[in-house]
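Just below is one structure, and these are the notes that go with it.
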């Protein structure tokens, strides 16, 4: 052991013990410093990454804002719908589960399998919808069998509910699943695949107000994405309340009055431009779109020759026919061509340049002045006056009333109509203007086209002394605390100037149309309210021989060749409140087809007013 | 004959330190596997049984005079090399490597046995031949040969971690025995050369691990996943940790292999920098105590034995911790007394038993 002792006691060997200890200490210190670096200096970074690791955000759908009429009556709401979903993480035997579900839900197994497959794009912690909008009975049946169906949940989701069905559907619009193009679009920032967004009309234009704010569920997941528990929840904020200018009762009356006919009707408040009722026929049920429309249904709507998807109030362009005569009569007075006493003899036809234009009344109206010309809608009187006025002055007068240009309907899709002039024809056809075309334009035929909305704005301006108003659709938008977010004000686009005498003369004529013997619009006469109105009957197609044309013809003309029936009116004549424009497609006679619709709208309007006054007193 | 002095000299500090560290380890395993419901006997319970067995092993070994082992070192070496050859030819394959001999109740890993045998053998050689002026190259051919044989066989398995561990242990003992300056420089040169050449001899998965270590974010879901999740676990622990059973990285299974190689990450997440510091101090104390035992050893054999065992424990700790906190590449080295596993427990406890044996016989000549 002597050797041992000598070597061990060497200072260099003794130093090695210290050196080894020191080396170990230094290495441990390095480990400690690294831990300090990770756990103290970079703690927040790693903390955040660990939170991100284990948490996921699940969106909670926000109920869409409800739509009310001007009196606070619900038009569009949300209803709870039951949805059967499956949490895949809790399913052990997929095939057996789907089979059992197929029996209970009475859905074909392949359909369920397809939906399960579609769900693969969702992360594992999100339930996959298998059946949407199921009945309460079905939902209860699923819940009763809950024990046999591990992983199956019944969820309640808000679904758009159109209480008035197809009524005002063109105005309200509908929803559809967000498209990929929209998802890429920045203006749809907060949306996700599978969301429903407004596709047309009100639902689209006011999407930002209606959509609300999604809620969030913060959940904890494990490494496989399995949902473990809820950490936090932010409730969804429902969309804002939208009050329309519509009056539900008036709207219902207008719908009822229109019946099954095709066409459009609109009622405006003559002082504010508020749209009180708006009908476009045929219509569709927006609920079809609320949870995805079947493609054959969609094609059916697209291909229907009566164009149910078109909003005819703003996009239907019709020759205004005799309703246009009030503009001609006004312009003639301003230009000094025809005061209210200008008399023209009507023998049933009018000749110019070898062409013969007939009055609708073959036998003629005889000696006719302005009032009689309006009352009995004498074409010859207007042929003569229009010709003297000339197309350019006529065109200016018509445009002043908002014809031939969009009137400013707050939703997209408005057509401009046509008010022809020499310049217009030159630009459009590169042809000179002919006198015969002026003659046709004088009775709202030929090139002249207008939308029912334009006619209503024109009629309202006739009633309120020349104020051309922007039609208003939104009464106000309110959030749930009652703060008004948007409240459009009455907008006067233009003040049309005519002498008091001129206004008076026109009004006398329009009152006579409805209230005097031989008036073409007597059908719209009301007992307690003095209605002023004008009928119109407009040709659909120009047939080869004008000579053969019989505008007044009854009988076997095929539906699509029958003339459109128009009626515009306002009431009460002494102090107008409401203006109405009605177009019944292929309705033959302005008076007989469109008049009753206008009359029923006006009647309903004033009976409501009376009711309210009674309630008030 | 049992010497009464042995009982008097029983190293309570060593055994208590080991028990404290292993106790924390079992507690940590309880948390790491708290959400496991598929095994009948919980992991922490199995580890507790291994710990009990290991302590019995310590008692058994410490009663046995280590000096007798000096004579068996060569036999042990020959037998173990035989086992390594056997494993290479017909061992049980697991995870792409052949490492085990199935003994029915226990999968014997000859590569673990060789660590202990190597320590016994080198202690014998260095104990007999160490010179004050240190070794020169020409004197080292025998130890070098004895090391390279098992090193090659383990590399062939392939098990780079264990092979390197064997080299670290041997080099530590060699450095302690003393080297001439020229030899030190020469060995350093050989080391660098081997590392460069070795890079081309590495398996793809081994090379991946090193590349991953250098830039784990390049493949966050693939080979970088272990390191990233481990660093997140450790870093998110902060100063005081998330609390026992509250570590989200481990409880929600984001942390892989959290009961074995990454057990420390679980601990770091739940106990924070404060807990880690205490644990590191515990391990450091164990190492200091091992060196202290070597210093007090009654003979050179015992001293080298103690140094070898301490080096073995030390390098396991450093390589494992360096791996889980992102300082070293991922090599499958367990943390002694902390990671779950019977093999690691047995190897460590045999080492502790040898330390104990040396420590108890410090006054015997």
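Protein chains in written order, with our numbering: chain A, 118 to 734; chain B, 9 to 373. Cβ coordinates follow ideal geometry from the N, Cα and C atoms, glycine included. Just so it is clear, the structure is predicted and the values come from calculations on it, not from any experiment.
Cβ neighbours of residue 330(A) in the same chain (closer than 6 angstroms, five flanking residues each side left out) = 179, 354
CB-CB under 8 angstroms to residue 508(A), same chain, minus the five flanking residues each way: which ones, in chain order?
-> 537, 538, 539, 550, 554, 555, 558
Beta strand (DSSP E) segments (min. 3 residues) lying fully within the stretch 547-630 of chain A | Counting only runs of at least 3 residues, the stretch 547-630 of chain A fully encloses the following beta strand (DSSP E) elements, listed from N- to C-terminal order: 584-586, 591-595, 601-603, 609-612.
Classify residue 217(B) as helix, strand or coil using the three-state DSSP reduction.
-> helix
Check whether the stretch 165-179 of chain B touches the stretch 334-341 of chain B, taking contact to mean three or more Cβ pairs, one atom from each stretch, closer than 8 angstroms.
-> yes
Nearest-angstrom Cα distance between residue 366(B) and residue 296(B)?
-> 15 angstroms
From 133(A), 499(A), 578(A), pick the residue whose C-alpha is nearest to that of residue 187(B); which is it?
-> Here the closest residue by C-alpha is 133(A).
Exposed or buried, which one is residue 462(A) when buried takes at least 16 other CB atoms within 10 Å?
-> exposed
Counting only runs that start and end within the stretch 235-283 of chain B, where is the alpha helix (DSSP H) found for 4 or more residues in a row?
-> Listed in chain order, they are 256-259.
Within 7 angstroms (strictly less), CB to CB, does residue 163(A) reach chain B?
-> yes
Compare the C-beta of residue 262(A) with all C-beta atoms of chain B and state if any pair is closer than 7 angstroms.
-> no
Assign residue 254(A) to one of three DSSP states: helix, strand, or coil.
-> helix
Runs of beta strand (DSSP E) wholly within the stretch 436-519 of chain A (minimum 3 residues, chain order) | 461-463, 466-469, 472-475, 483-485
In chain order, what residues of the same chain lie with their CB nearer than 7 angstroms to the CB of residue 535(A), ignoring the 5 residues before and after it?
-> Excluding residues within five positions, the ones whose Cβ falls inside 7 angstroms are 521, 564, 565, 566.
Mind checking whether residue 202(A) and residue 244(A) have CB atoms under 7 angstroms apart?
-> yes
Chain A residues whose Cβ lies nearer than 8 angstroms to that of residue 333(B) = 148, 151, 152, 155
Could one say the Cβ of residue 743(A) lies closer than 7 angstroms to chain B's Cβ atoms, at least one of them?
-> With chain A represented from 118 up to 734, any question about residue 743(A) goes unanswered, as that position is not in the structure.
Quick one: does residue 158(A) have its CB under 7 angstroms from some CB of chain B?
-> Residue 158(A) is outside the set of residues whose beta carbon lies under 7 angstroms from a beta carbon in chain B.
Based on Cα-Cα distance, which residue from 217(B), 265(B), 310(B), 272(B) lies nearest to residue 242(B)?
-> Distances from the alpha-carbon of residue 242(B) to those of 217(B), 265(B), 310(B), 272(B) put 272(B) closest.
Entirely within the stretch 242-318 of chain A and at least 4 residues each: give me those alpha helix (DSSP H) ranges in chain order.
-> 253-261, 286-289, 297-301
Starting from the beta carbon of residue 144(A), find every residue of chain B whose beta carbon is closer than 7 angstroms, and list them in chain order.
-> 326
Kindly indicate the opening and closing residues of the alpha helix (DSSP H) around residue 88(B).
-> Note, residue 88(B): alpha helix (DSSP H), 74-98.
Below 8 angstroms on the Cβ atoms is my guess for residue 617(A) versus residue 631(A); work out the distance and round it to an integer in Å.
-> 22 angstroms between Cβ atoms; not a contact.
Alpha-carbon to alpha-carbon, residue 200(A) and residue 668(A) | With a pLDDT of only 45 at residue 668(A), under the threshold of 50, the placement of this residue in the model should not be trusted; the figure read from the coordinates follows. Taking the straight line joining both Cα atoms gives about 57 angstroms.
Roughly how many whole angstroms lie between the Cα atoms of residue 132(B) and residue 315(B)?
-> One Cα belongs to residue 132(B), the other to residue 315(B), and the distance between them is close to 12 angstroms.
Could you list the residues in the stretch 20-45 of chain B with a C-beta less than 9 angstroms from some C-beta on chain A, going in chain order?
-> 43
Mind checking the stretch 164-188 of chain A against chain B and listing, in chain order, the residues whose C-beta falls within less than 7 angstroms of any C-beta there?
-> 164, 166, 167, 170, 171
Taking only beta carbons into account, state which residues of the stretch 238-256 of chain B come closer than 8 angstroms to chain A, listed in chain order.
-> 239, 240, 241, 242, 243, 244, 245, 246, 247, 256
Continuous beta strand (DSSP E) stretch holding residue 650(A): start and end = 649-655
Would you list the one or two residues that DSSP bridges to residue 191(A)?
-> 185(A)
Residue 292(B) touches chain A at which residues, Cβ-Cβ below 8 angstroms?
-> 141, 142, 145
Spatial distance of residue 478(A) from residue 495(A) (CA atoms) | 8 angstroms
Quick one: which chain B residues come within Cβ less than 7 angstroms of residue 133(A)?
-> 184
Residue 261(B) CB to nearest chain A CB: under 7 angstroms?
-> Chain A contact via Cβ: present.
Output, in chain order, the set of chain B residues within a Cβ distance shorter than 7 angstroms of residue 127(A).
-> 140
For residue 643(A) versus residue 690(A), is the C-beta spacing smaller than 7 angstroms?
-> no
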